[in-house]
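All remarks here apply to the structure that follows.
There are 2 protein chains.
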Amino acid sequence: MVEITKILKERGFKVTPQRLAVFNVLKNTKEHPCAETIYNKLLPMYPTMSLATVYKSLEVFKSIGIIQELDLGEGSSRYDANTKQHPHIHCLSCGRVEDVDNDMIYDLLDNVKARTGYNLIKQQLYFYGYCPDCQKTH
Amino acid sequence: MVEITKILKERGFKVTPQRLAVFNVLKNTKEHPCAETIYNKLLPMYPTMSLATVYKSLEVFKSIGIIQELDLGEGSSRYDANTKQHPHIHCLSCGRVEDVDNDMIYDLLDNVKARTGYNLIKQQLYFYGYCPDCQKTH
DNA sequence: ATGACTGCAAACCGTTTGCATACTG
DNA sequence: CAGTATGCAAACGGTTTGCAGTCAT
């Protein structure tokens, strides 16, 4: 809360209740919500909040580098306050998105770099399947 | 050419010049084109082709499982006649998308399976950076 | 002949933009 | 007070859909 305020000020952005609210939703969830989900969460407490403001806030956070955008091919983006690049796994039944430990991909990154000659900037690693919960009910 | 005809017939789809044309573009390129790119390639030879037909054809091919859709977060999907799941690398400067060898990810898949308990169905592994060509010109 | 396919235009949906008003610093 | 941010509504862009006419079988 204090931190985000400081970062916004340093970068010349104004500190508004809307921005703090959007950031806090992301900071306090592990569900990787999309813009609309964030908006719906905020509506009860911020009845004048608009979806456009959510998008604009997310854009500011992305530009500052304090959130990252995930595109799992669902038609809408999800957002993550964890800016460290890490793989995600998406349940094809219940739709949840979970983090996957990062430490198993370092070899892979080295291999890709060596074989392609690209200097890697980032990666998006998405796995799809059925989570343990959904496997039970099938 | 013969093959696609056979597959379409077997599945009860009609074999039309438009479908064959769309599939051939995909079959004969390595550039992972989007729908609009396919459309533009076909327009000279198929002046009445419509973008909707390209999309509808791609949808048929996806449902049959003879192409796959890639979502690199560019706003539009790309398509690949290689249906084997394999990683891709995307140049942030010139925009090209290249294949990455598949054989280096088996360990990763085993690890993800073991650690998450998911039964993996598919994955989308995208790497982003600057290709050797673009690195030279910087 | 009949039922699926094409191609046009309109609808769709997530996201972005323009602009008048409100608020931060 | 100056200038940025909000929030509404309209625009945008890729994709999908409805439908009349056409074509594959």
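Residue numbers (the working numbering), protein chains in the order written: chain A, 470 to 607; chain B, 470 to 607.
Built from N, CA and C at the ideal position, the CB exists for glycine as well.
Interface residues of chain B facing residue i [CB-CB closer than 8 angstroms]
i: Val-569 of chain A; result: Val-581, Arg-584 and Thr-585
i: Ile-536 of chain A; result: Per Cβ cutoff of 8 angstroms: no residues; Ile-536 of chain A is ~15 angstroms from chain B at best.
Closer than 7 angstroms at the beta carbon, the chain A residues around residue i
i: Tyr-548 of chain B; result: Correct list: empty, because the minimum Cβ distance to chain A is about 13 angstroms.
i: Tyr-599 of chain B; result: Tyr-587 and Asn-588
i: Ile-476 of chain B; result: Result: empty, since nearest Cβ-Cβ is about 25 angstroms, beyond 7 angstroms.
i: Ile-473 of chain B; result: Per Cβ cutoff of 7 angstroms: no residues; Ile-473 of chain B is ~25 angstroms from chain A at best.
Sub-7 angstroms separation of residue i and residue j beta-carbons
i: Asp-572 of chain B; j: His-555 of chain B; result: no
i: Gln-592 of chain A; j: Phe-596 of chain B; result: yes
i: Asp-598 of chain A; j: Leu-589 of chain B; result: Here residue 598 of chain A is Gly; the residue named in the question, Asp, does not match the sequence. Closer than 7 angstroms, so yes.
i: Ala-550 of chain A; j: Leu-495 of chain A; result: yes
i: Cys-603 of chain A; j: Arg-547 of chain A; result: no
i: Val-484 of chain B; j: Thr-474 of chain B; result: yes
i: Leu-577 of chain A; j: Leu-577 of chain B; result: yes
i: Ile-533 of chain A; j: Arg-480 of chain A; result: yes
Under 9 angstroms by beta carbon: chain B residues contacting residue i
i: Met-573 of chain A; result: Asp-576, Leu-577, Asn-580, Val-581 and Arg-584
i: Gln-604 of chain A; result: Gly-586, Tyr-587 and Asn-588
i: Gly-564 of chain A; result: Within chain B, no residue comes near Gly-564 of chain A; the closest Cβ sits about 13 angstroms away, beyond 9 angstroms.
DSSP three-state assignment for residue i, whether helix, strand or coil
i: Val-484 of chain B; result: coil
i: Cys-503 of chain B; result: strand
i: Asn-551 of chain A; result: coil
i: Tyr-595 of chain B; result: strand
i: Asn-497 of chain A; result: coil
i: Ile-590 of chain A; result: strand
i: Glu-472 of chain A; result: helix
i: Glu-479 of chain B; result: helix
i: Glu-528 of chain B; result: helix
i: Leu-511 of chain A; result: helix
i: Leu-578 of chain B; result: helix
i: Leu-541 of chain B; result: coil
i: Cys-600 of chain A; result: coil
i: Ile-535 of chain B; result: coil
i: Thr-522 of chain A; result: helix
i: Thr-517 of chain A; result: coil
i: Thr-585 of chain A; result: helix
Per DSSP, cross-strand counterpart(s) of residue i
i: Glu-567 of chain B; result: B:Ile-558
Chain-ordered chain A contacts of residue i [CB-CB under 8 angstroms]
i: Glu-561 of chain B; result: The displayed chain sequence assigns Leu, not Glu, to residue 561 of chain B. What Leu-561 of chain B touches in chain A: Ile-590.
Under 7 angstroms from the C-beta of residue i: neighbouring residues of chain B
i: Leu-594 of chain A; result: Leu-594
i: Ile-507 of chain A; result: Those within 7 angstroms of Ile-507 of chain A in chain B number zero; the least Cβ separation is about 19 angstroms.
i: Ile-533 of chain A; result: Within chain B, no residue comes near Ile-533 of chain A; the closest Cβ sits about 19 angstroms away, beyond 7 angstroms.
i: Gly-481 of chain A; result: Those within 7 angstroms of Gly-481 of chain A in chain B number zero; the least Cβ separation is about 26 angstroms.
Residue i CB to nearest heavy atom of the ligand FAD below 6 angstroms
i: Ser-546 of chain B; result: Looking at this structure, you won't find the ligand FAD or any other ligand, since it has none at all.
Under 8 angstroms, with one C-beta from each stretch per pair, do the region 480 to 492 of chain B and the region 519 to 539 of chain B reach the 3-pair mark?
Taking 8 angstroms as the limit for Cβ pairs, the verdict is that the region 519 to 539 of chain B does touch the region 480 to 492 of chain B.
Cβ contact check for the region 546 to 555 of chain B and the region 570 to 586 of chain B: 3 or more pairs under 8 angstroms
These segments touch.
Spell out a yes or no on whether the region 580 to 592 of chain A and the region 576 to 592 of chain B are touching, meaning 3 or more CB-CB pairs, one atom from each, closer than 8 angstroms.
Not touching, per the Cβ criterion.
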